[in-house]
Amino acid sequence: MLDGTYKIKVDVPFGRKNGTISLRTEGDTVIADIDAPLVGKQHLEGRAEGNTFTAEGSKKIKLMGAIDYTLKGEVDGDALHIYIKTNKGDAQLEGIRV
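Residue numbers (the working numbering): 1149 to 1246.
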């Protein structure tokens, strides 16, 4: 089950900061609300399949400009694993359901 709020830690140039990702599914659609360092508050929609999800798009982020992304995520129990590939670099996020 993907639905839930996850506490994440994000490595930024000035240390490690906390953030949250809330996931909810509606059929085969996943809706993610992200509040994290660097990206701020973001809302995105993607495709859900079982305990995995994908999303892609483009977002304009302060100080970084337009970022094209492909996001792949998986929930394993209460653990969240996300891999993000962007035109500005790649990142991995880990989180835990709260």
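All C-beta atoms, glycine included, are put in the ideal place defined by N, C-alpha and C. All of these numbers come straight from a predicted model, not from anything done at the bench.
Where do the ends of the beta strand (DSSP E) carrying residue i lie?
| i | result |
| --- | --- |
| G1246 | Strictly speaking, residue 1246 in this sequence is Val, with Gly absent from that position. Segment: none, V1246 is in no beta strand (DSSP E) and carries neither H nor E. |
| K1233 | 1227–1234 |
If you draw a straight line from the alpha carbon of residue i to that of residue j, how long is it in whole angstroms?
| i | j | result |
| --- | --- | --- |
| G1221 | V1246 | 17 Å |
| A1239 | H1229 | 11 Å |
| E1242 | L1192 | 18 Å |
| R1164 | P1185 | 9 Å |
Helix, strand or coil for residue i? Go by DSSP, reduced to three states.
| i | result |
| --- | --- |
| K1210 | coil |
| G1152 | strand |
Problem set entry | beta strand (DSSP E) runs wholly inside the stretch 1160–1188, at least 3 long, in chain order | 1163–1174, 1177–1184
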